[in-house]
Amino acid sequence: METQELHRGRLIDHIGLVVRDIEASRRFYKAIFAVLEIPVAGEADDYFWADELFVSTADSPAAAGKLTGRHHLAFQARDRAMVDAFYAAGLEGGGVDNGKPGERPRYHPGYYAAFLLDPDGNNIEAVFHGEAKRSAPSVKITF
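Here is the structure:
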């Protein structure tokens, strides 16, 4: 059995997306994960996963045989440059523009984000909330 790592201390334990075209999704998510520095932790023909996100086909044993609905997922970026790189890589990886990188002051001052639609129409965001001090990036659990 492979060693697994989980990062705790955040709101979501995990999210599952069931997609129409696993290869299109794999291309898109691998492109944005590369610039967001999120490693793909595991994959097979019918699924892949990274940290809290699990993506599978409808016929995967991990799915209930149905596509998930439209979701909005926001990934934290380290800085504005990472948001910009997310946007460029996501477009290159098959994503569709849903909001160019820029400030969104209606959310809060310093909110800098970009939005893309993934191959299934999910609204995928990278956001930098501005300079902040963290006590730790996350709590790491290895088992």
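Using this note's numbering, the final residue of the sequence shown is 1125, and nothing's skipped along the way. Using N, Cα and C, we set each Cβ at its ideal position, and we do this for glycine too.
Ser1038 is bridged by DSSP to Val1000 and Tyr1029. For a cut-off of 8 angstroms, the C-beta gap from Gly1081 to Phe1097 is around 3 angstroms, short enough to register as a contact. Here the C-alpha atom of Trp1031 lies approximately 6 angstroms from the C-alpha atom of Glu1025. Listed as beta-bridge partners of Asn1080 by DSSP are no residues whatsoever.
When the Cα atoms are used, Phe1015 and Val1037 turn out to be separated by approximately 13 angstroms.
Taking C-alpha positions only, Ser1120 is separated from Glu1085 by approximately 26 angstroms.
The Cβ atoms of Tyr1093 and Val1109 lie closer than 8 angstroms to each other. One thing to note: Ile997 has its Cβ no nearer than 8 angstroms to the Cβ of Leu1049.
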